[in-house]
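These protein sequences, in sequence, are chains A and B. Under my numbering, read the first sequence as residues 1 to 232, first letter to last. Under my numbering, read the second sequence as residues 1001 to 1232, first letter to last. Beta carbons: idealized from backbone N, C-alpha and C, even for Gly.
Protein chains: 2
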Amino acid sequence: MQNVKVLIVDDEPNIRDLLSTSLRFAGFSVHAVKNGAEAVYAAEKGEPDIILLDVMLPDMNGFSVTKKIRSMGINAPVLFLTARDETEDKITGLTVGGDDYMTKPFSLDEIIARIHAILRRTKTAEVEESVIDAGEIKINQDAHEVFVNGELVDLSPTEYKLLRFLISNPNRVLTKAQILDHVWEYDFNGEMGIVESYVSYLRKKLDPMTAEPVITTKRGVGYMYKTAKNGK
Amino acid sequence: MQNVKVLIVDDEPNIRDLLSTSLRFAGFSVHAVKNGAEAVYAAEKGEPDIILLDVMLPDMNGFSVTKKIRSMGINAPVLFLTARDETEDKITGLTVGGDDYMTKPFSLDEIIARIHAILRRTKTAEVEESVIDAGEIKINQDAHEVFVNGELVDLSPTEYKLLRFLISNPNRVLTKAQILDHVWEYDFNGEMGIVESYVSYLRKKLDPMTAEPVITTKRGVGYMYKTAKNGK
DNA sequence: AGCATCATTCAGACTATTCTCAGGAAACCT
DNA sequence: AGGTTTCCTGAGAATAGTCTGAATGATGCT
């Protein structure tokens, strides 16, 4: 994945910052704007590979923006961001043509995974495979399936997201705060103990099937997923 | 299927967008215009392999367009789009010479299937087979027949479309929103619960005849049709 | 007209999942 | 070792997601 350009369109400064920062950190080239007019302009100038578009904007709604952009010959796929309570009536047709949508509040890891999925489908850029291969453990992201030494393991959605986050940052300690910020929705305001709980769940399911424990605790720091052998 | 050129003729921008986007994503080369005059011009210049033609156009009706185009020696098959309440006599005679028609509102999956069917019949391009073979289940698209281990299963139209959509995206989780967007008509604005209902219907009919359940639920994500071969 | 099939909604049963909490285990320190 | 901190994990309550049968109306067929 090299130099994938993301255009973020959202009127809430908090969301804009949150997305900008974390997508930039994830290796994307980011440009963020706050309304439809700016979005149209930026889409034309910047030629983004993908657009993150809030459906509810002050000047025009996300669909008008899409229409305008598409009519200008820009075919970048769109990942719509919608509030959870406006899903049922307004979301028809959102998943057409490689586009997709996410409800707010979302988790950062999930949104990055979605972006990758869309880029993979639309092939607008060089993107990694849909299968994450980390030695004993393989994650098929299309099927949302996890295999440990070839055997399918049944994980809950949160377990799945946590494992995916750990595995995509191998051999690197992640603090509980980082994990919470990336795996859980951004408005989650519970305790960090939940990370401990979920690590425990994961270990209970994974460890019986692996040679060595897969998640190691760095006391006072956080957790780390360690790849079995050769690091790459 | 490579580089099949589709010409879309419809005066409603929404329909044009919807069709353009999803056909382009389905691998077609798309050109969309908004009236009869443009259609004639585009048909001559673009040499489309198939034309999607709204019968009701602002300047001239679809039949005049067809006549004109054909008189110019362009024999691309036409898939007419008509409103559901259009009178019967207007529609008769539409399906001669490889042509066909669909009533609005249509489902995206269905229109793509129709295009493939027409191309198959007229052999204007390389198109995939009419039989979808997915292990235990085979779908004969020409006959609209589904066989499970060689035995014919009777499905309702919607059941058929749902199964076809699931099977043509094997080993990939499809969200209820995706299913709704592709299988149901584009103006459907009911609840996603209907997908659950139809999955239930399908299972009730299919599962008794298969070794393992064919549709797996990914709780919190969607549904997946899984082919027999291992999850590599 | 009468019957059969189909599409859609809905509610209740059911199950998986999320999250918190608290006691005990393990690691770390002096 | 003893004390302190951090982590692990089982239990339980609340919640969210899913399945299914039944009711309703629409559509189509004979």
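Taking the C-alpha atoms as reference points, what is the distance between residue i and residue j?
{"i": "Ile69(A)", "j": "Ala1177(B)", "result": "23 Å"}
{"i": "Leu81(A)", "j": "Met1072(B)", "result": "48 Å"}
{"i": "Val148(A)", "j": "Lys1123(B)", "result": "46 Å"}
{"i": "Leu202(A)", "j": "Pro1013(B)", "result": "49 Å"}
{"i": "Phe971(B)", "j": "Val96(A)", "result": "Because chain B is modelled from 1001 through 1232, residue 971(B) falls outside the range shown and cannot be assessed."}
{"i": "Leu1004(B)", "j": "Lys1104(B)", "result": "A small correction: the amino acid at residue 1004(B) is Val; Leu does not occupy that position in the sequence shown. For Val1004(B) and Lys1104(B), the distance between alpha carbons rounds to 23 Å."}
{"i": "Asp1181(B)", "j": "Leu94(A)", "result": "8 Å"}
{"i": "Ala1083(B)", "j": "Pro1058(B)", "result": "14 Å"}
{"i": "Glu1196(B)", "j": "Ile111(A)", "result": "25 Å"}
{"i": "Val1065(B)", "j": "Leu19(A)", "result": "49 Å"}
{"i": "Asn1230(B)", "j": "Ala1042(B)", "result": "Any reading at Asn1230(B) needs caution, since the residue's pLDDT is 40, under 50, leaving its predicted position unreliable; the model's value is listed next. If you take the alpha carbons of Asn1230(B) and Ala1042(B), they lie about 47 Å apart."}
{"i": "Met1192(B)", "j": "Ser156(A)", "result": "21 Å"}
{"i": "Ala1039(B)", "j": "Ile1074(B)", "result": "12 Å"}
{"i": "Gly36(A)", "j": "Glu44(A)", "result": "12 Å"}
{"i": "Pro1213(B)", "j": "Ser200(A)", "result": "31 Å"}
{"i": "Ser239(A)", "j": "Thr175(A)", "result": "With chain A covering only 1 through 232, there is no way to say anything about residue 239(A)."}
{"i": "Gly1190(B)", "j": "Met209(A)", "result": "44 Å"}
Leaving out five residues before and five after residue i in sequence, what residues of the same chain have Cβ atoms less than 8 Å from its Cβ?
{"i": "Thr1227(B)", "result": "Ala1134, Gly1135, Pro1170 and Asn1171"}
{"i": "Glu1185(B)", "result": "Pro1105, Phe1106 and Ser1107"}
{"i": "Arg16(A)", "result": "Ile8, Asp10, Ala32 and Lys34"}
{"i": "Gly1098(B)", "result": "Pro1077, Ile1118, Arg1121 and Thr1122"}
{"i": "Arg1024(B)", "result": "Val1030"}
{"i": "Ile1194(B)", "result": "Leu1180 and Trp1184"}
Does chain A have any CB closer than 7 Å to the CB of residue i?
{"i": "Asp1181(B)", "result": "yes"}
{"i": "Asn1171(B)", "result": "yes"}
{"i": "Ala1037(B)", "result": "no"}
{"i": "Val1221(B)", "result": "yes"}
{"i": "Ala1211(B)", "result": "no"}
{"i": "Ala1177(B)", "result": "yes"}
{"i": "Lys1218(B)", "result": "yes"}
{"i": "Gly1231(B)", "result": "Any reading at Gly1231(B) is ruled out, since the residue's pLDDT is 35, under 50, leaving its predicted position unreliable."}
{"i": "Leu1166(B)", "result": "no"}
Please name the residue in the options whose C-alpha comes closest to that of residue i.
{"i": "Ala117(A)", "options": "Ala83(A), Leu23(A), His182(A) and Ser130(A)", "result": "Ser130(A)"}
{"i": "Ala211(A)", "options": "Thr158(A), Leu155(A), Pro157(A) and Ile137(A)", "result": "Ile137(A)"}
{"i": "Gly220(A)", "options": "Val173(A), Glu191(A), Pro208(A) and His182(A)", "result": "Val173(A)"}
{"i": "Asn61(A)", "options": "Asp85(A), Asp17(A) and Asp10(A)", "result": "Asp10(A)"}
{"i": "Asp109(A)", "options": "Met224(A), Ala26(A), Thr217(A) and Glu47(A)", "result": "Ala26(A)"}
{"i": "Asp1207(B)", "options": "Glu1151(B), Met1192(B), Gly1193(B) and Leu1023(B)", "result": "Glu1151(B)"}
{"i": "Asp85(A)", "options": "Val65(A), Arg120(A) and Met56(A)", "result": "Met56(A)"}
{"i": "Phe165(A)", "options": "Val30(A), Ile215(A) and Glu191(A)", "result": "Ile215(A)"}
{"i": "Pro1048(B)", "options": "Gly1193(B), Leu1023(B), Ser1029(B) and Gly1036(B)", "result": "Ser1029(B)"}
Using a Cβ-Cβ cut-off of 6 Å (strictly less than) and excluding sequence neighbours within five positions of residue i, which residues of its own chain qualify?
{"i": "Ile1051(B)", "result": "Leu1007, Ala1076 and Val1078"}
{"i": "Lys233(A)", "result": "Here chain A has residues from 1 to 232 only, and residue 233(A) is not among them."}
{"i": "Lys1034(B)", "result": "Asp1011"}
{"i": "Asp1142(B)", "result": "Ser1130"}
{"i": "Val1146(B)", "result": "Ile1139, Val1153 and Leu1155"}
Which residues in the same chain as residue i place their Cβ atom closer than 7 Å to its Cβ, once the five residues preceding and following it in sequence are excluded?
{"i": "Arg1114(B)", "result": "Leu1079, Asp1100 and Met1102"}
{"i": "Thr217(A)", "result": "Tyr223"}
{"i": "Tyr198(A)", "result": "Thr158, Glu159 and Leu162"}
{"i": "Ile167(A)", "result": "Ile132, Ala134, Ile137, Ile139 and Tyr225"}
{"i": "His1144(B)", "result": "Tyr1160"}
{"i": "Asp54(A)", "result": "Val9, Asp10, Asp11, Gly62 and Leu81"}
{"i": "Lys1232(B)", "result": "For Lys1232(B), the pLDDT reaches just 32, beneath the cut-off of 50, and the residue's location in the model is therefore unreliable, leaving the point undetermined."}
{"i": "Gly46(A)", "result": "Lys5, Leu7 and His31"}
Within the present structure, is the beta-carbon of residue i separated from the nearest heavy atom of the ligand FAD by less than 6 Å?
{"i": "Asp1142(B)", "result": "Looking for the ligand FAD in the displayed structure turns up nothing, as the structure carries no ligands at all."}
Is the Cβ of residue i closer than 7 Å to any Cβ of chain B?
{"i": "Pro105(A)", "result": "no"}
{"i": "Val96(A)", "result": "yes"}
{"i": "Gly93(A)", "result": "yes"}
Selection of the stretch 1004 to 1025 of chain B by Cβ proximity to chain A, strictly under 9 Å = Those would be Pro1013, Asn1014, Asp1017, Leu1018, Ser1020, Thr1021, Ser1022, Leu1023, Arg1024 and Phe1025, in chain order.
Residues of the stretch 63 to 77 of chain A whose Cβ lies closer than 7 Å to any Cβ of chain B, in chain order = Answer set for the stretch 63 to 77 of chain A: Lys67 and Arg70.
Chain B contacts made by the stretch 130 to 156 of chain A, where a contact means CB separation under 7 Å | Per Cβ criterion, the list reads Asn140, Asp142, Ala143, His144, Glu145, Phe147 and Leu152.
Given a limit of 9 Å on CB to CB distance, which residues of the stretch 1185 to 1205 of chain B reach chain A?
-> Within the stretch 1185 to 1205 of chain B, those residues whose Cβ lies closer than 9 Å to any Cβ of chain A are, in chain order, Tyr1186, Asp1187, Phe1188, Asn1189, Glu1191 and Met1192.
Using a beta-carbon distance cut-off of less than 8 Å, what residues from the stretch 1046 to 1063 of chain B approach chain A?
-> Along the stretch 1046 to 1063 of chain B, none of the residues has a CB nearer than 8 Å to a CB of chain A.
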